[in-house]
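Position 113 of the sequence shown, counted from 1, bears residue number 121 in my numbering, the numbering being contiguous throughout. Have a look at the structure below before the remarks.
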Amino acid sequence: MSKIRKVAVFLMFVFCSLMTFSSENLQLEKVVIFSRHGLRSPLTSPGSRLSKVTPYEWENWDVPASHLTKKGAILETYFGQYINDWLIQNEVIKKGECLSPDNVQIYTNSLQRTIATGQSLTTGIFPGCDIKTEHKMEIGKMDPVFNPVITTDNAKFKEEALKGMNLKKQNQELKGSYSLLSDVINYTKSEECLKEGKCKFFNEEGTLKIEKDKEPGVDGPIKLGTQIGDALLLQYYEGYPLDKIAGNNINTREKWQKITDIKNGYEDLLFATEKVAKNVAAPLIKYIYNDVSSSNHKVTVLVGHDSNLVAMFAALGFKDYKLEEQVEKTPIGGKVFFEIWKDKKQEKEK
9 MSKIRKVAVF
19 LMFVFCSLMT
29 FSSENLQLEK
39 VVIFSRHGLR
49 SPLTSPGSRL
59 SKVTPYEWEN
69 WDVPASHLTK
79 KGAILETYFG
89 QYINDWLIQN
99 EVIKKGECLS
109 PDNVQIYTNS
119 LQRTIATGQS
129 LTTGIFPGCD
139 IKTEHKMEIG
149 KMDPVFNPVI
159 TTDNAKFKEE
169 ALKGMNLKKQ
179 NQELKGSYSL
189 LSDVINYTKS
199 EECLKEGKCK
209 FFNEEGTLKI
219 EKDKEPGVDG
229 PIKLGTQIGD
239 ALLLQYYEGY
249 PLDKIAGNNI
259 NTREKWQKIT
269 DIKNGYEDLL
279 FATEKVAKNV
289 AAPLIKYIYN
299 DVSSSNHKVT
309 VLVGHDSNLV
319 AMFAALGFKD
329 YKLEEQVEKT
339 PIGGKVFFEI
349 WKDKKQEKEK
């Protein structure tokens, strides 16, 4: 377990290989980095349904629900320092010098965890430089560029989108994960079971929802399992004692993977089908395209969410992948790089 814990902390951001081309003819012209926000507290607050699904106590966090933690800020600064080294190595910036603010954009969604992630990355990438992080909405409000909502109320679109989201199949594939999660949180000894008579974790399929101006939604065991698994994994990343996480019942890598499979399946169900992905990812993809093709930026950093990554990958036709030593498909602090290289001899971009 100690090996898993180390990589969870230090390799959460490895979404793609940062490459240094050996050819002397190639020069890195610009890079757009999309980052999922860093390590945060759970989205659910104390007293929520999570307190009713297990007899074990949840750990108290020193930041409000959904906020970037102190450890998260430190990690993002480290990641920024790594990116700084990479930019120097590829001659985008010179050691000890700053890019002009006109050549840089750090643009985040307008939630605390994304803004704070952008600020920490900026400190690491551009130490001592006059580079500002920007967000465009009031704090706490979703920016349309990063908001993975359905943008049409077309009836045919809704019908085809729902048809592509096979909830029954997903639930069947996750039956083993539901059973394991029920066991590790001791669901049959929870308040929901003892007081409300809900003692079987997987007792319904759930219902999918597609509505204009709202994120794709689902209820039932896959949503609850995602909320529980997310909260458990965040405690693990934050470094809480293992005996305080579900009574130390998640004591192997295989168990962590099986539980996290629920969250991975939830994201794929809601955001990775073709119809939905192309719709909800369109504003972000358009922004990246415009930045690459027409801006003066040499470095652009965008900070959003796992749903952005899942939808964007599906919409752009990314091949399926497996991150080594990582249970999440779109981990906390994960980053993807869009790089523009120039062939100095042929004067062509690659």
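For each residue, glycine too, the CB sits at the ideal point set by N, CA and C.
query: The beta strand (DSSP E) that contains V318, what's its start and end?; result: First-last for V318: D314 to A323, but that is the alpha helix (DSSP H), not the beta strand (DSSP E).
query: In whole angstroms, what is the alpha-carbon distance linking L250 and L240?; result: 10 angstroms
query: Would you mind sorting K183 into buried or exposed? The rule is 16 or more other CB atoms within 10 Å of its CB.; result: exposed
query: With a floor of 4 residues, list each alpha helix (DSSP H) that falls wholly inside the stretch 164-216, ordered by position along the chain.; result: 175-181, 183-192 and 199-204
query: Over what stretch of residues does the beta strand (DSSP E) that includes Y115 continue unbroken?; result: V112 to T116
query: Would you say Q400 and R57 are within 9 angstroms of each other, going by their C-beta atoms?; result: Outside the displayed range of the chain (9 to 358) lies residue 400, so it cannot be described from this structure.
query: Rounded to whole angstroms, what is the Cα-Cα separation between K252 and S198?; result: 17 angstroms
query: In this structure, does DSSP put V300 in helix, strand or coil?; result: helix
query: Under 8 angstroms: do the stretch 117-135 and the stretch 306-315 share three or more Cβ pairs, one atom per stretch?; result: yes
query: Express the C-alpha separation of G247 and D110 in angstroms, rounding to a whole number.; result: 39 angstroms
query: Could I get the ranges of all uninterrupted alpha helix (DSSP H) runs contained in the stretch 56-103, with 4 residues as the minimum, in chain order?; result: 78-97
query: Give the C-beta separation of P224 and I218 to the nearest angstrom, bearing in mind that I take them to be a contact with Cβ-Cβ under 8 angstroms.; result: 6 angstroms
query: Suppose you measure from the CA of N174 to the CA of I147; what does that come to, to the nearest Å?; result: 35 angstroms
query: Whole angstroms are fine: how far does the CA of K271 sit from the CA of K171?; result: 21 angstroms
query: Please classify F321: is it buried, with 16 or more other beta-carbons within 10 angstroms of its beta-carbon, or exposed?; result: buried
query: In the DSSP assignment, find the unbroken alpha helix (DSSP H) run with D351 in it and report its ends.; result: Run containing D351: none in the alpha helix (DSSP H); it sits in the beta strand (DSSP E), K343 to D351.
query: Where does the unbroken beta strand (DSSP E) through S128 begin, and where does it stop?; result: Careful: S128 lies outside any beta strand (DSSP E), inside the alpha helix (DSSP H) at Q120 to I133.
query: Per DSSP, which residues does I158 bridge with? Please list them.; result: K220
query: Using the Cβ count rule (16 or more neighbours within 10 Å means buried), how would you classify F134?; result: buried
query: Figure out for me which residue from Q89, N117 and L51 has the closest Cα to the Cα of G104.; result: Q89
query: Does the beta-carbon distance from G132 to I101 come in below 9 angstroms?; result: no
query: Comparing C-alpha positions only, which one of N287, S118, E332 and T62 sits nearest to K206?; result: T62
query: Between the stretch 293-309 and the stretch 38-52, can you find at least three pairs of beta-carbon atoms closer than 8 angstroms?; result: yes
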